[in-house]
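Per the working numbering, the very first residue in the sequence shown carries number 65; after that it's consecutive.
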Amino acid sequence: MAIKEVKTGAKPAPKTVAGGASKDEQVGFHKGALSTLAKEREEMLKILSIVEQLMQMHVAALKELGVDLEKMAKQAQAAQATAKASKSAPLEKKLK
Numbered sequence: 065m066a067i068k069e070v071k072t073g074a075k076p077a078p079k080t081v082a083g084g085a086s087k088d089e090q091v092g093f094h095k096g097a098l099s100t101l102a103k104e105r106e107e108m109l110k111i112l113s114i115v116e117q118l119m120q121m122h123v124a125a126l127k128e129l130g131v132d133l134e135k136m137a138k139q140a141q142a143a144q145a146t147a148k149a150s151k152s153a154p155l156e157k158k159l160k
């Protein structure tokens with residue numbers, strides 16, 4: 065006896081892709097992830113804006129108190145360059 069295959073009008077089950085989830089499930093997952101990440105980015109930008117405003121307020125307050133931040137930054141940069149040069153000099157001598 066042969067078993068007859070019954071054909072129905074139902075759609076076949078969606079093919080699964082790596083990981084066992086169907087393509088539609090994976091598309092939904094990635095769309096949801098992008099939506100969530102976009103909202104997180106918006107919140108991060110709000111926080112960054114607030115931090116920037118606070119930093120500008122502190123810079124203005126220091127200027128009012130007579131602190132020259134540009135001079136301090138140049139001194140720090142010069143000190144950093146000097147420290148870097150002194151560390152690299154012995155290595156350069158060893159290579160020659």
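From the three backbone atoms N, C-alpha and C, an ideal C-beta is built for every residue, glycine too.
Is the beta carbon of residue i less than 8 Å from the beta carbon of residue j?
{"i": "LEU112", "j": "VAL123", "result": "no"}
Taking the straight line between their C-alpha atoms, what separation do you get for residue i and residue j?
{"i": "GLU106", "j": "ALA85", "result": "30 Å"}
{"i": "LYS87", "j": "LEU109", "result": "33 Å"}
{"i": "MET65", "j": "LYS95", "result": "Because the pLDDT of MET65 is 49, which lies under 50, any placement of that residue in the model is unreliable, and the question is left without a value."}
{"i": "MET136", "j": "LEU101", "result": "39 Å"}
{"i": "LYS127", "j": "SER150", "result": "33 Å"}
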